[in-house]
Amino acid sequence: MAGTVPPPQPPLGPPPRPLFWPWRSNPLRRRTDTVRAWLGLGVLLAVLAVAPVAGALVGDAAHRHYQDVARHQQQTRHLADATLVHDAPRHPEPGSDEEKKTRYPVEVRVVTREGRTRTTRAEVSPGLTADSVVSIWIDADGEAADAPLTGREVRSRAAGWALLAAIGVALTGAAVHAVAGLVLHRRNLARWAAAWAETAPRWTTPT
Numbered sequence: 194m195a196g197t198v199p200p201p202q203p204p205l206g207p208p209p210r211p212l213f214w215p216w217r218s219n220p221l222r223r224r225t226d227t228v229r230a231w232l233g234l235g236v237l238l239a240v241l242a243v244a245p246v247a248g249a250l251v252g253d254a255a256h257r258h259y260q261d262v263a264r265h266q267q268q269t270r271h272l273a274d275a276t277l278v279h280d281a282p283r284h285p286e287p288g289s290d291e292e293k294k295t296r297y298p299v300e301v302r303v304v305t306r307e308g309r310t311r312t313t314r315a316e317v318s319p320g321l322t323a324d325s326v327v328s329i330w331i332d333a334d335g336e337a338a339d340a341p342l343t344g345r346e347v348r349s350r351a352a353g354w355a356l357l358a359a360i361g362v363a364l365t366g367a368a369v370h371a372v373a374g375l376v377l378h379r380r381n382l383a384r385w386a387a388a389w390a391e392t393a394p395r396w397t398t399p400t
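Every number in our numbering is 193 more than the matching position in the sequence shown, counting from 1.
Laid out in structure tokens, this is it:
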């Protein structure tokens, strides 16, 4: 229809651009291109500066926490001889690798440091018969527990938290850059539509 302004058609995609193009003099360069370039550089520098600091702080805090946990476990847990109340299951093939890895929870009797006899459930190798004796870790209440954290486990967990902190900083920076880029892109589209609405009528031919 004559006089109807066709909808704006933005480019399908940006052409290849040389390195540092946002800072080079270019008649097609928009102000938002420069803003986005500086924002990306700022976010990159911020991530490179903050991520190691965040990782170090979080890793140090996690290391002190797990050291306290390990110290508490060492004070409240100890190895004790446990006597099986019933036979353990024999599902894996005897002598197989699966038998070496598999453990079954069974009822066992243990004696606490105070001399009290307790019944608890502990994981033992398959095929053990009743009255077999195994060594397990128990807590102050005589319940089966995991072995106290070792120094290597403490360092590993602290390193894991440090890595997560650094990754979190990087993801936050990426999210900030992505949101800012989306806002700038929408602003570009709005300007494109406004410019097209002003230019399109000059190209239309009445019929």
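Each residue gets a CB set at the ideal place from its N, CA and C atoms; glycine is no exception.
Pair within 7 Å by beta-carbon distance, residue i and residue j
i           : j           : result
residue 301 : residue 315 : yes
residue 340 : residue 329 : no
residue 370 : residue 236 : yes
residue 270 : residue 332 : yes
residue 272 : residue 321 : no
residue 229 : residue 366 : no
residue 323 : residue 303 : no
Helix, strand or coil at residue i [DSSP, three-state]
i           : result
residue 380 : helix
residue 341 : coil
residue 277 : strand
residue 325 : coil
residue 394 : helix
residue 283 : coil
residue 346 : helix
residue 252 : helix
residue 335 : coil
residue 374 : helix
residue 389 : helix
residue 366 : helix
DSSP bridge partner residues for residue i (one or two, in chain order)
i           : result
residue 272 : 330
residue 315 : 299
residue 357 : Partner(s): none; residue 357 has no beta bridge.
residue 137 : Since the first and last residues shown for the chain are 194 and 400, residue 137 lies out of range.
residue 234 : None, per the DSSP bridge assignment.
Integer Cβ distance of residue i from residue j, believed to fall under 8 Å
i           : j           : result
residue 242 : residue 354 : About 20 Å separates the two Cβ atoms, so there is no contact after all.
residue 359 : residue 247 : 6 Å
residue 313 : residue 335 : 6 Å
residue 342 : residue 262 : 6 Å
For residue j and residue i, the rounded distance between their alpha carbons
i           : j           : result
residue 279 : residue 250 : 49 Å
residue 363 : residue 259 : 25 Å
residue 386 : residue 227 : 21 Å
residue 282 : residue 294 : 14 Å
residue 390 : residue 384 : 10 Å
residue 284 : residue 267 : 34 Å
residue 381 : residue 225 : 8 Å
residue 231 : residue 376 : 15 Å
residue 311 : residue 257 : 33 Å
residue 252 : residue 238 : 22 Å
residue 368 : residue 245 : 18 Å
residue 346 : residue 296 : 22 Å
residue 195 : residue 394 : In this prediction, residue 195 has a pLDDT of 49, which is less than 50 and means its spatial position is unreliable; what the coordinates show is noted afterwards. Cα-Cα distance, rounded: 10 Å.
residue 233 : residue 319 : 58 Å
residue 361 : residue 348 : 20 Å
residue 317 : residue 240 : 48 Å
residue 299 : residue 305 : 18 Å
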